[in-house]
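Chemist: Offset between the sequence shown (1-based) and this note's numbering: plus 575.
Got a structure here, written out as structure tokens. Questions coming.
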Amino acid sequence: MKTVVTDKTLSYMRFDAGHTSPEALNAYAKAVFACGADYIELTSEAASVMELDDFSEKYILRVRNSYDCGYCSVNRFAYALVRLSTVGLIDRLPEDQPVILEVNADEYSAQAIVLYLHRFSFIRRIAAIRLTGLFGDDIEALVKWCRSNLFLPVDICPLNTMMTGSSDALAAQAAGANMLTLSFGRGYYYTSLEQYIISLHIMKRSALHNDVIKAICIASFVFTDIFGVIPAGLARMLDTDGEVTAAVYDTETGIMYRPYRTSGRKQPLPQENMIDKKIKSIGLEHEIETAIIDMLKKVNFSFYKDITKRNIID
Numbered sequence: 576m577k578t579v580v581t582d583k584t585l586s587y588m589r590f591d592a593g594h595t596s597p598e599a600l601n602a603y604a605k606a607v608f609a610c611g612a613d614y615i616e617l618t619s620e621a622a623s624v625m626e627l628d629d630f631s632e633k634y635i636l637r638v639r640n641s642y643d644c645g646y647c648s649v650n651r652f653a654y655a656l657v658r659l660s661t662v663g664l665i666d667r668l669p670e671d672q673p674v675i676l677e678v679n680a681d682e683y684s685a686q687a688i689v690l691y692l693h694r695f696s697f698i699r700r701i702a703a704i705r706l707t708g709l710f711g712d713d714i715e716a717l718v719k720w721c722r723s724n725l726f727l728p729v730d731i732c733p734l735n736t737m738m739t740g741s742s743d744a745l746a747a748q749a750a751g752a753n754m755l756t757l758s759f760g761r762g763y764y765y766t767s768l769e770q771y772i773i774s775l776h777i778m779k780r781s782a783l784h785n786d787v788i789k790a791i792c793i794a795s796f797v798f799t800d801i802f803g804v805i806p807a808g809l810a811r812m813l814d815t816d817g818e819v820t821a822a823v824y825d826t827e828t829g830i831m832y833r834p835y836r837t838s839g840r841k842q843p844l845p846q847e848n849m850i851d852k853k854i855k856s857i858g859l860e861h862e863i864e865t866a867i868i869d870m871l872k873k874v875n876f877s878f879y880k881d882i883t884k885r886n887i888i889d
């Protein structure tokens, strides 16, 4: 069973709508789909800039208020995403609009929350449940439990605040999660879409197709143009003199460590022997000191080497 992948970058990343062209957003969407995403989650503002005739196949609208509900009435989307904290908005959506319910959970609360949701009538409107949080080492067990006990598809959105997002995403995919929600170009909080794609190929021992590599590059360029920042993965590659890996968090102390690239091994300074030191201690000009040392070497080099080894001059 294929795990469906959603890119959520356009649903929370801020951009200047007045200075962003429809061509830029559509180019970003096209590149992200070519990377391997099946859906793109976006806000009504982003949808307005894109000016597409049809959002019903590959786009998810993040519903935050009454305006977004009205926007869903005019434009049909593949899914409307509603958070549990604003679940009352579901009744304002068109009856035929599929809904994804987003729930903040973790490895300890996810199962209890899912069972609790079945007590409410709005569950009949839900087409899938998204679990967003930190899931730890038990994510495979959680996904398998959801598949056995939940009659709805489960969408896993692993956070990357502890730098475990990619491993959680890979584990969820291996366990048979119906959906994964990731974010292109982000290295913190949400999990990087491009890092997941690359890691998935590495785990499967398969090479990335040239079209996918090209799509990641194009998406990175357009991402920079839209949001005014460099994608996290590309930033680490370009910063050759700075950080070479993502920050590492010590979960026990809360300390964040940032590894840096070493500047290379420095050549050791030449060691002065005792004759050189003695001559320089006299206080002669530099040129005269150099001339005397060179003369001693030329006149009797074997004597020079022998006497420097014994260091008899104080």
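In this text, a Cβ means the ideal position worked out from N, Cα and C, and glycines have one as well.
For clarity, every value in this text was computed on a predicted model and none was experimentally measured.
For the alpha helix (DSSP H) that contains Leu600, what are its first and last residues?
Modeler: Walking along the sequence shown from the start, residue 600 turns up at place 25. It spans Pro597 to Cys610 - the alpha helix (DSSP H) in which Leu600 sits, taken as one unbroken run.
Chemist: Give a yes or no on whether the C-beta atoms belonging to Asp730 and Ile675 are separated by under 9 Å.
Modeler: The sequence position of residue 730 within the sequence shown is 155, counting from 1. The sequence position of residue 675 within the sequence shown is 100, counting from 1. In contact: Asp730 and Ile675 (Cβ atoms closer than 9 Å).
Chemist: Would Cys732 and Lys577 qualify as a contact pair, given that the criterion is a beta-carbon distance under 9 Å?
Modeler: The residue given as residue 732 occupies position 157 in the sequence shown. The residue given as residue 577 occupies position 2 in the sequence shown. Against a cut-off of 9 Å, the Cβ pair of Lys577 and Cys732 comes out as no contact.
Chemist: Beta carbon of Met778, beta carbon of Leu757: below 9 Å?
Modeler: By 1-based counting over the sequence shown, the position of residue 778 is 203. By 1-based counting over the sequence shown, the position of residue 757 is 182. Taking 9 Å as the Cβ cut-off, Met778 and Leu757 do not qualify as a contacting pair.
Chemist: According to the Cβ coordinates, are Leu585 and Ile615 closer than 9 Å?
Modeler: Within the sequence shown, the letter at position 10 stands for residue 585. Within the sequence shown, the letter at position 40 stands for residue 615. Yes, the pair counts as a contact, with Cβ atoms nearer than the cut-off.
Chemist: Mind checking which residues open and close the beta strand (DSSP E) that includes Ser635?
Modeler: Looking up residue 635 in the sequence shown gives position 60. Contrary to the premise, residue 635 reads as Ile rather than Ser in this sequence. Phe630 to Arg637 is the span of the beta strand (DSSP E), which, as asked, contains Ile635.
Chemist: Within this structure, are the beta carbons of Thr637 and Tyr587 separated by less than 9 Å?
Modeler: As a working mapping, residue 637 is identified with position 62 in the sequence shown. As a working mapping, residue 587 is identified with position 12 in the sequence shown. The question names Thr, but residue 637 is Arg in the sequence shown. Closer than 9 Å, so yes.
Chemist: For the alpha helix (DSSP H) holding Lys715, just list the boundary residues, first then last.
Modeler: Within the sequence shown, the letter at position 140 stands for residue 715. It is Glu, not Lys, that sits at residue 715 in the sequence shown. Looking at the DSSP string, the run of the alpha helix (DSSP H) that includes Glu715 is Ile714 to Asn724.
Chemist: Which residue comes first and which comes last in the beta strand (DSSP E) that contains Asp730?
Modeler: Working through the sequence shown from its first residue, we reach residue 730 at position 155. Segment Val729 to Pro733, the beta strand (DSSP E) holding Asp730.
Chemist: Can Phe652 and Ala621 be called in contact, C-beta distance under 9 Å?
Modeler: Numbered from its first residue, the sequence shown carries residue 652 at position 77. Numbered from its first residue, the sequence shown carries residue 621 at position 46. Not in contact: Phe652 and Ala621 (Cβ atoms no closer than 9 Å).
Chemist: Over what stretch of residues does the alpha helix (DSSP H) that includes Phe798 continue unbroken?
Modeler: Within the sequence shown, the letter at position 223 stands for residue 798. It spans Asn785 to Phe802 - the alpha helix (DSSP H) in which Phe798 sits, taken as one unbroken run.
Chemist: Hey, is Thr739 close to the ligand ADP, as in C-beta under 8 Å from one of its heavy atoms?
Modeler: Judged by which ligands are present, the structure shown has none, so any question about the ligand ADP falls away.
Chemist: Please report the straight-line C-alpha distance between Leu775 and Thr739, rounded to a whole angstrom.
Modeler: What you label residue 775 is simply residue 200 of the sequence shown in a count that begins at 1. What you label residue 739 is simply residue 164 of the sequence shown in a count that begins at 1. Near 14 Å, if we compare the C-alpha coordinates of Thr739 and Leu775.
Chemist: How close, in whole Å, do the beta carbons of Val555 and Cys721 come, if the pair is a contact with beta carbons under 8 Å?
Modeler: There is no way to answer for residue 555, as the model of the chain reaches only from 576 to 889.
Chemist: Would you kindly check if the distance between the Cβ of Ala606 and the Cβ of Ile793 is under 9 Å?
Modeler: Position 218 of the sequence shown, counting from 1, holds the residue named residue 793. Position 31 of the sequence shown, counting from 1, holds the residue named residue 606. Yes. Within cutoff.
Chemist: Out of Asp613, Ser648, His693 and Val624, point me to the one whose CA is closest to Glu632's CA.
Modeler: The residue labelled residue 632 in the question sits at position 57 within the sequence shown. Answer by Cα proximity: Asp613.
Chemist: According to DSSP, is Met754 helix, strand or coil?
Modeler: On the sequence shown, position 179 is the one that residue 754 refers to. Looking at Met754 - three-state DSSP - the assignment turns out to be strand.
Chemist: Output needed for Pro597: all residues of its chain with C-beta closer than 7 Å, excluding positions within five of it in sequence on either side, in chain order.
Modeler: As a first step, residue 597 must be located in the sequence shown, where it is residue number 22. Answer for Pro597: Val624, Met625 and Glu626, listed in chain order.
Chemist: Counting only runs that start and end within the stretch 665–718, where is the alpha helix (DSSP H) found for 4 or more residues in a row?
Modeler: Counting whole runs of 4 or more residues, the stretch 665–718 contains the alpha helix (DSSP H) stretches 685–692.
Chemist: Buried or exposed: which applies to Gly593, given that a residue is buried once 16 or more other Cβ atoms fall within 10 Å of its Cβ?
Modeler: For the purposes of this step, residue 593 is taken as the residue at position 18 of the sequence shown. Exposed, by the Cβ-count rule.
Chemist: So, at 7 Å on beta carbons, what are the nonlocal neighbours of Val797 in its own chain, with the 5 sequence-adjacent residues on each side left out?
Modeler: Here residue 797 is taken as the residue at index 222 of the sequence shown, counted from 1. Result list for Val797: Ala599, Ala602, Tyr603 and Ala606, in chain order.
Chemist: What number of angstroms, rounded off, separates the C-alpha of Asn650 from the C-alpha of Phe630?
Modeler: Within the sequence shown, numbered from 1, the residue matching residue 650 stands at position 75. Within the sequence shown, numbered from 1, the residue matching residue 630 stands at position 55. Whole-angstrom Cα-Cα distance: 7 Å.
Chemist: Would you tell me roughly how many angstroms separate the C-alpha atoms of Arg780 and Gln770, rounded to the nearest one?
Modeler: On the sequence shown, residue 780 is found 205 positions in, with the first residue counted as 1. On the sequence shown, residue 770 is found 195 positions in, with the first residue counted as 1. Straight-line Cα distance between these residues: approximately 15 Å.
Chemist: What are the partner residues of Glu616, as DSSP defines its beta bridges?
Modeler: Reading the sequence shown from its first residue, position 41 is the one you call residue 616. In DSSP, Glu616 forms a bridge with Ile635.
Chemist: Just the Cα atoms here: how many angstroms apart are Asp666 and Tyr646?
Modeler: The residue you call residue 666 lines up with position 91 of the sequence shown. The residue you call residue 646 lines up with position 71 of the sequence shown. Answer to the nearest angstrom: the Cα atoms are 14 Å apart.
Chemist: Can you list, in chain order, the residues of its chain with a C-beta nearer than 6 Å to that of Asp643? Leave out the 5 residues immediately preceding and following it.
Modeler: Stepping through the sequence shown from its first residue, residue 643 is reached at position 68. Once the five neighbours on either side are set aside, the close Cβ partners of Asp643 are Ser619.
Chemist: Rounded to whole angstroms, what's the CA-CA distance from Asp825 to Leu709? Just pull it up for me.
Modeler: Translated into the one-based positions of the sequence shown, residue 825 becomes position 250. Translated into the one-based positions of the sequence shown, residue 709 becomes position 134. With a pLDDT of 48 at Asp825, under the threshold of 50, the modelled position of this residue cannot be trusted; read the value that follows with caution. Their Cα atoms are separated by approximately 15 Å.
Chemist: Do Ser795 and Gly762 have their C-beta atoms closer together than 9 Å?
Modeler: Translated into the one-based positions of the sequence shown, residue 795 becomes position 220. Translated into the one-based positions of the sequence shown, residue 762 becomes position 187. No.
Chemist: Beta-carbon within less than 7 Å of Asn724's beta-carbon, same chain only, minus the 5 sequence neighbours each way: which residues are those?
Modeler: Along the sequence shown, one-based indexing puts residue 724 at 149. Once the five neighbours on either side are set aside, Asn724 has no close Cβ partner at all.
Chemist: Going by Cα to Cα distance, which pick from Leu692, Ser696 and Arg700 is closest to Leu706?
Modeler: The sequence position of residue 706 within the sequence shown is 131, counting from 1. Comparing Cα positions, the closest option is Leu692.
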